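K.L.:
Residue numbers (numbering that gives the first Met the number 0): 0 to 245. Ideal Cβ placement from N, Cα and C applies to all residues, glycine included. As the structure is a computational prediction, the values presented were derived from the model and not from experiment. Sharing a structure, written as structure tokens. Questions coming.
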Amino acid sequence: MNRFFLLAPVAMVGLFALGAVSYDYPTEKAKPCQCDTLQTKAIISNPQYDYLPQYDADNFTEWDFYKLDSATNRMLWYRDVESIDTTKFTQLWNDYYKNNYHASQLDFVKYYTGKQNIEMAFQLGPNLMDLWAYHVFVVKKVGCCYVLTRSYYRHARFTYKAYAILDQAKMDSLHILVDKVIKTPIGDTDNKGYSGYFVDNCNQQQFVIDLQRKETKDTTGNAAQNEVRGLLKFVDKGVRWNKTYN
0 MNRFFLLAPV
10 AMVGLFALGA
20 VSYDYPTEKA
30 KPCQCDTLQT
40 KAIISNPQYD
50 YLPQYDADNF
60 TEWDFYKLDS
70 ATNRMLWYRD
80 VESIDTTKFT
90 QLWNDYYKNN
100 YHASQLDFVK
110 YYTGKQNIEM
120 AFQLGPNLMD
130 LWAYHVFVVK
140 KVGCCYVLTR
150 SYYRHARFTY
160 KAYAILDQAK
170 MDSLHILVDK
180 VIKTPIGDTD
190 NKGYSGYFVD
200 NCNQQQFVID
210 LQRKETKDTT
220 GNAAQNEVRG
230 LLKFVDKGVR
240 WNKTYN
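Given below as structure tokens:
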């Protein structure tokens, strides 16, 4: 926000009494940050982009993976969620194994709140009709672009992965849609109904939205339904998805 200060006449006289005051004016206006899609794609497609040598090296095997402690397993789980493509562990996740990550809306919020370079993250679910399934979206700032990853998993088993590269205008559109939906505070236990848990680090907010509103009318009328539909339509068809795993 620009602030303008008025100097009292006495102060102005003092300035002139000291002599001329020189100012350094910028010779060129700062250029706005422009999203370069090809450059961003080259960065995130580099095998070294999210490479973890202690786990991604060839000598770290499937048997080593299932011996990992829960904390390390959790870290690798979220790395997989943020990866634009499969990792060497994508097909190994299964929450029937003791130490493997178990989906939790509250843990999702805890992990992404305040996380550096994460603009927004949201998890939609559970879909009880499809083996306790979730859609998970993570928006990461990369240079002047935003990389949006999308995953779908059942009992922590990935069945779909895709990504999109958004410019600032597209990211602003997502923020506007999220701002419109009716939000409720996050409670102490996971909501078992079909819900969206959101972490908006840009605005320092965490909240839940009721995804059932897209199907059932509530006291606010059709507006609430349309707002949720608009958000879901955007993440389904409003961006150009690059499917990497199905």
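By a C-beta neighbour count over all protein chains shown, 10 Å radius and 16 as the cutoff for buried, is R149 buried or exposed?
P.N.:
buried
K.L.:
Need the endpoints of the beta strand (DSSP E) that I164 sits in, please.
P.N.:
156-165
K.L.:
Applying the 10 Å Cβ sphere with the 16-neighbour rule, what's the burial state of A155?
P.N.:
buried
K.L.:
Would you check if the distance between the CB atom of L123 and the CB atom of D189 is smaller than 8 Å?
P.N.:
no
K.L.:
Ordered along the chain, which non-local residues of its own chain (more than five positions away) have a Cβ less than 6 Å from that of G195?
P.N.:
F121, L123, I208, L210
K.L.:
Three or more C-beta pairs under 8 Å: does that hold for the region 122-138 against the region 179-188?
P.N.:
Short answer: they don't touch.
K.L.:
Would you call K160 buried or exposed, if buried means 16 or more other Cβ atoms sit within 10 Å of its Cβ?
P.N.:
buried
K.L.:
Check whether the region 47-58 and the region 71-85 are in contact - that is, three or more C-beta pairs closer than 8 Å.
P.N.:
Judged by Cβ distances under 8 Å, the region 47-58 makes contact with the region 71-85, as three or more pairs qualify.
K.L.:
What does the Cβ neighbour count give for D171, buried or exposed, with the cut at 16 atoms within 10 Å?
P.N.:
It counts as exposed.
K.L.:
In its own chain, which residues sit with a C-beta less than 8 Å from the C-beta of S21, not counting the 5 before and 5 after it?
P.N.:
No answer about S21 holds up, because its pLDDT of 42 lies below 50 and its placement is not dependable.
K.L.:
When burial is assigned at 16 or more other CB atoms within 10 Å of the CB, is E226 buried or exposed?
P.N.:
buried
K.L.:
Report buried or exposed for P125, applying the criterion of at least 16 other Cβ atoms within 10 angstroms of its Cβ.
P.N.:
buried
K.L.:
Taking only the alpha-carbon atoms, compute the straight-line gap between C34 and I42 and give it to the nearest angstrom.
P.N.:
Taking the straight line from one Cα to the other gives about 13 Å.
K.L.:
For the candidate residues N241, C143, K114, whose alpha-carbon lies nearest to that of P31?
P.N.:
Per the Cα distances, C143.
K.L.:
Three-state secondary structure (DSSP) at Y193?
P.N.:
coil
K.L.:
Using CA atoms only, rank isn't needed, just tell me which of K139, V108, D94 is closest to E118.
P.N.:
K139
K.L.:
Kindly give me the distance between the Cβ atoms of V198 and Y100, rounded to whole angstroms, as I take these residues to be in contact under 8 Å.
P.N.:
The pair is not a contact, with the Cβ atoms about 17 Å apart (cut-off 8 Å).
K.L.:
Between the C-alpha atoms of N202 and S44, what's the straight-line distance to the nearest angstrom?
P.N.:
29 Å
K.L.:
Check the C-beta distance from V177 over to L230 and give it rounded, since I have them as a contact under 8 Å.
P.N.:
7 Å
K.L.:
From R239 to T85, what distance separates their C-alpha atoms?
P.N.:
19 Å
K.L.:
Please tell me whether N98 and D68 are closer than 8 Å, where the distance is taken between their beta carbons.
P.N.:
yes
K.L.:
Starting from T246 and walking both ways along the alpha helix (DSSP H), at which residues does that stretch end?
P.N.:
For residue 246 there is no data in the structure shown, the boundaries of the chain being 0 and 245.
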